[in-house]
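Novice: Residue numbers (the numbering used here): 4 to 433.
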């Protein structure tokens, strides 16, 4: 069966239609919120250091909370967790928007908001990872991930394009309220999805919480594919911190442009992500994960350096849009293909009864370098401009590409029996 037939057949299934529409609505709202929140923080503080700090704190709960949340969620009904966290985020973001609209917001309140939202997300993410195999046939997972990523990026593209208009016409507060509403709608859609396979929570009902967490960590340590993915993601995330945490200063101080450039960057990111997601099934047949990792690191390094040439054309709108748009399009194209392959390898190499815990630990370890990097950037940006920091990060990424090429990182998925033996030895050791 070819890819077109698979995609067409997927949309005939009511469960998947509801799943994809819930994600599309979320991505539309998130794309508006991303620009609104980035510009809101910079407007309130006028500081690149504050932008980096809040970016780091936005990720911190995923590092601290998510491993424990994953073990806790393993025993819960995954669908109820997803719906509950959606409703909670609807309420909190609505309250945050109302505070802003009534001029009651300050940087410290924004810090609390960031920590609260991502703490809730730390419960949602592992539940979502375990929920997908429960509503989609295993043979369809690569195509589900691909088309879901592509359509979600398309929704992000629409949302990013609309963000500039919404913010300029109706204000940041309205943009945040739209984001809140998308969580409510998504929660209602997910609540109506029928689970195809039995929730594996019943298999571990007798375990104590700490035993559940310990066994999950033991399983991760025994799985070389996941361990190596964690190593690569930690290095990549650390190198990307200056780029991701300083978008507003890059647009304002580096390019001499305003929030419009953030919309251009968002659109370029979305287009790159769409094309990258569509190409994932084809790339999977041509490249293994190590080859894709080397290519992605090299491309990210090159175009992070290209992006910094915008400082030489400060205030030139068309040239600035072209440099930033092209750089972010290419970077997100390769990042999307890498993320797609990573998801496929991860889901295929982890047993379903460990998915929530494994996804939580993987997410936490992968994100662990981001808060640390953000605080370092917040100190460096006081003495080094944002564009110089991005250029230095690009050089580091190029060095990483060479290192990834030379060292022997094992990404190949082993046979079921080999994985089982390794897992049993590790759990017995614990």
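Idealized CB from N, CA, C, for every residue including glycine. Quantities reported herein were computed from a predicted structural model and do not represent experimental measurements.
In three-state terms, what does DSSP make of residue 263?
Specialist: helix
Novice: Within the continuous alpha helix (DSSP H) that includes residue 24, where are the two ends?
Specialist: DSSP places residue 24 inside the alpha helix (DSSP H), whose first and last residues are 17 to 48.
Novice: Does the separation of the CB atoms of residue 257 and residue 337 fall below 8 Å?
Specialist: no
Novice: Taking contact to mean 3 or more Cβ pairs, one atom from each stretch, closer than 8 Å, check whether the region 230 to 245 and the region 364 to 371 are in contact.
Specialist: By the Cβ rule, the region 230 to 245 counts as touching the region 364 to 371, because three or more pairs are nearer than 8 Å.
Novice: Quick one: Cα of residue 207 to Cα of residue 342, how far?
Specialist: In this predicted model, residue 207 has a pLDDT of only 46, less than 50, meaning its place in the structure is not dependable; the value taken from the coordinates is given anyway. Residue 207 and residue 342: Cα-Cα distance of roughly 30 Å.
Novice: With a 10 Å radius around its C-beta and 16 neighbouring C-beta atoms as the bar for buried, classify residue 390 as buried or exposed.
Specialist: buried
Novice: Residue 170 and residue 22 look like a contact to me (Cβ under 8 Å); what is the Cβ gap, rounded to whole Å?
Specialist: Incorrect: roughly 30 Å between the Cβ atoms, too far for contact.
Novice: Does DSSP classify residue 209 as helix, strand or coil?
Specialist: Unreliable positioning characterises residue 209 in this predicted model, as indicated by a pLDDT of 44, which lies under 50. A coordinate reading is not provided.
Novice: Which value, in whole angstroms, describes the spacing of the CA atoms of residue 50 and residue 140?
Specialist: 48 Å
Novice: Take residue 435 and list the residues in its own chain whose beta-carbon comes closer than 6 Å to its own, dropping the five residues that flank it on each side.
Specialist: The structure shown does not extend to residue 435, since the chain spans only 4 to 433, so no value can be given for it.
Novice: Measure the CB-CB distance between residue 27 and residue 132 and report whether it falls below 8 Å.
Specialist: no
Novice: Could you check how far apart the C-beta atoms of residue 76 and residue 129 are, in whole angstroms? I think they sit under 8 Å.
Specialist: 5 Å
Novice: Output the distance between the C-alpha atoms of residue 210 and residue 78, rounded to the nearest integer angstrom.
Specialist: In this prediction, residue 210 scores a pLDDT of 49, lower than 50, which makes its location untrustworthy; no coordinate-derived value is stated.
Novice: Three or more beta-carbon pairs under 8 Å between the region 280 to 298 and the region 38 to 56, yes or no?
Specialist: no
Novice: Keeping to the same chain, check which residues put their C-beta closer than 8 Å to that of residue 249; ignore five residues upstream and five downstream.
Specialist: In the same chain as residue 249, and ignoring 5 residues on each side of it, the C-beta atoms closer than 8 Å to its own belong to 51, 54, 55, 380, 384, 389, 392, 393, in chain order.
Novice: Between the Cα of residue 147 and those of 344, 410, 378, spot the shortest distance and give me the residue it belongs to.
Specialist: 344
Novice: Within its chain, find whatever has a CB closer than 8 Å to the CB of residue 176; leave out the 5 residues flanking it on each side and keep chain order.
Specialist: 100, 101, 103, 104
Novice: Less than 8 Å separating the beta-carbons of residue 158 and residue 30?
Specialist: yes
Novice: In three-state DSSP terms, what is residue 353?
Specialist: coil
Novice: Look at the Cβ atom of residue 186, then the Cβ atom of residue 93, and state whether they are nearer than 8 Å.
Specialist: Judged by their CB atoms, residue 186 and residue 93 are nearer to each other than the 8 Å cut-off.
Novice: With a cut-off of 8 Å, does the C-beta of residue 146 fall near any C-beta of chain C?
Specialist: Chain labels in this structure do not include chain C; a single protein chain is all it has.
Novice: Take residue 398 and list the residues in its own chain whose beta-carbon comes closer than 8 Å to its own, dropping the five residues that flank it on each side.
Specialist: 304, 308
Novice: Taking the continuous alpha helix (DSSP H) assigned at residue 124, which residues delimit it?
Specialist: 110 to 138
Novice: Leaving out the 5 sequence neighbours to the left and right, which residues in its chain are closer than 8 Å to residue 229 when beta-carbon positions are compared?
Specialist: 223, 349, 352, 353, 361, 365
Novice: Tell whether a beta-carbon distance below 8 Å holds between residue 108 and residue 57.
Specialist: no
Novice: Could you tell me the alpha carbon to alpha carbon distance between residue 260 and residue 38, rounded to whole angstroms?
Specialist: 14 Å
Novice: Below 8 Å on the Cβ atoms is my guess for residue 276 versus residue 339; work out the distance and round it to an integer in Å.
Specialist: The beta-carbon separation of residue 276 and residue 339, rounded to 4 Å, stays under the 8 Å limit for a contact.
Novice: Look at the alpha carbon of residue 382 and the alpha carbon of residue 375, and state the distance between them as a whole number of angstroms.
Specialist: So the two alpha carbons sit approximately 11 Å from each other.
Novice: If distances are taken between C-alpha atoms only, which option among 332, 193, 273, 265 comes closest to residue 320?
Specialist: The shortest C-alpha separation from residue 320 is found at 265.
Novice: Indicate whether residue 373 and residue 62 have their beta-carbon atoms separated by less than 8 Å.
Specialist: yes
Novice: Let me know the secondary structure DSSP gives residue 407 once reduced to three states.
Specialist: helix
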